[in-house]
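Numbering (our numbering), first residue to last: 198 to 524. Virtual Cβ for every residue (Gly too), placed ideally from N, Cα, C. Scroll down for the structure; my scribbles are underneath it.
Listed below in structure tokens is the structure:
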């Protein structure tokens, strides 16, 4: 009985494939015009016969679809990060994995975490003469420069270097302030995905970051935002910015102004434990000051988990160099 059953199944399957699949396809392919003429009338008749039923099914499906409350499940960044960890073995390329991690964390990152702090921003006083301005521009090699009145807290606008083309031979008395474009201001707590959207809509590449009191706390560019996804973007004018030195597998030397977010990437660690206790700090030096409650002097140290932070250079105002030892 079993053998008969197997033979029947194989035979029936073969006949169905032969006469229901293979022969019709071969015939239709070789005699496509004749086959089309032959099938046109039967298909038209079937369409007319089943048209009421088709309309009924389509309308009923639409009604049912509207009645059903569709719940769109939106994964939060933590869930996406967990999903990425589960699939990390399938991501062969390290750069691809880095980009995916950047995308996951992108919407949760504040502007303050990636901005260039005001102490490192290159900006010009609006009162310098035109020749001095040109000499300064040749030295800095930036295409967009903030311009201020009296202090960096009073930004008057952004100078685009390309706007100076054709005006190189103007005298020192030339009023270059007329070329300033309006500056864009963003709060420190703006999320990067919102800022990127604004940059795209307004077709701008640079913004001044302001604190809750209206003071200028730094500068952020479109390049800074994109680097959070794709990694460092360099051009022919970028100098090699060495913010850390790897002494050995358990010891590193960092600039105090190194952002915590970069610190996590360099050591390839999850920064959640740091984020919980960092307070308002966004740099390694700021984290050490937050934990110690004061500006640490040379050779003073703090211990956080398995990390020991030892101050290598500092003054009364800031921590300049920090050695980090990993237990």
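Use the C-beta contact count for residue i: other C-beta atoms within 10 angstroms, 16 or more gives buried, fewer gives exposed.
i           : result
residue 433 : Residue placement at residue 433 cannot be trusted, given a pLDDT of 49 that sits under 50; what the coordinates show is reported in the next sentence. Counting Cβ neighbours within 10 Å, residue 433 comes out exposed, since fewer than 16 surround it.
residue 473 : exposed
residue 345 : buried
residue 396 : buried
residue 315 : buried
residue 479 : buried
residue 221 : exposed
Give me the Cα-Cα distance between residue i and residue j, rounded to the nearest whole angstrom.
i           : j           : result
residue 414 : residue 357 : 21 Å
residue 524 : residue 392 : 39 Å
residue 507 : residue 310 : 23 Å
residue 373 : residue 420 : 26 Å
residue 379 : residue 497 : 45 Å
residue 240 : residue 399 : 55 Å
residue 462 : residue 401 : 28 Å
residue 504 : residue 303 : 26 Å
residue 251 : residue 210 : 31 Å
residue 488 : residue 333 : 40 Å
residue 247 : residue 233 : 20 Å
residue 325 : residue 442 : 38 Å
residue 476 : residue 408 : 15 Å
residue 355 : residue 337 : 15 Å
Given a cut-off of 8 Å, decide if residue j and residue i are closer than it, judged by their beta-carbon atoms.
i           : j           : result
residue 307 : residue 394 : no
residue 341 : residue 403 : yes
residue 312 : residue 417 : yes
residue 516 : residue 492 : yes
residue 426 : residue 451 : no
residue 501 : residue 457 : no
residue 520 : residue 448 : yes
residue 361 : residue 376 : yes
residue 453 : residue 518 : yes
residue 319 : residue 339 : yes
residue 405 : residue 382 : yes
residue 510 : residue 522 : no
residue 440 : residue 459 : yes
residue 323 : residue 359 : no
- prompt: Are three or more beta carbon pairs between the region 363-381 and the region 323-336 nearer than 8 Å?
  reply: yes
- request: Starting from the N-terminal side, write out each stretch of the alpha helix (DSSP H) that is 4 residues or longer and does not extend beyond the region 321-353.
  value: Within the region 321-353, the complete alpha helix (DSSP H) runs of at least 4 residues are 327-337.
field: Residue ranges of each beta strand (DSSP E) within the region 445-512, 3 or longer
entry: 448-452, 498-501 and 504-511
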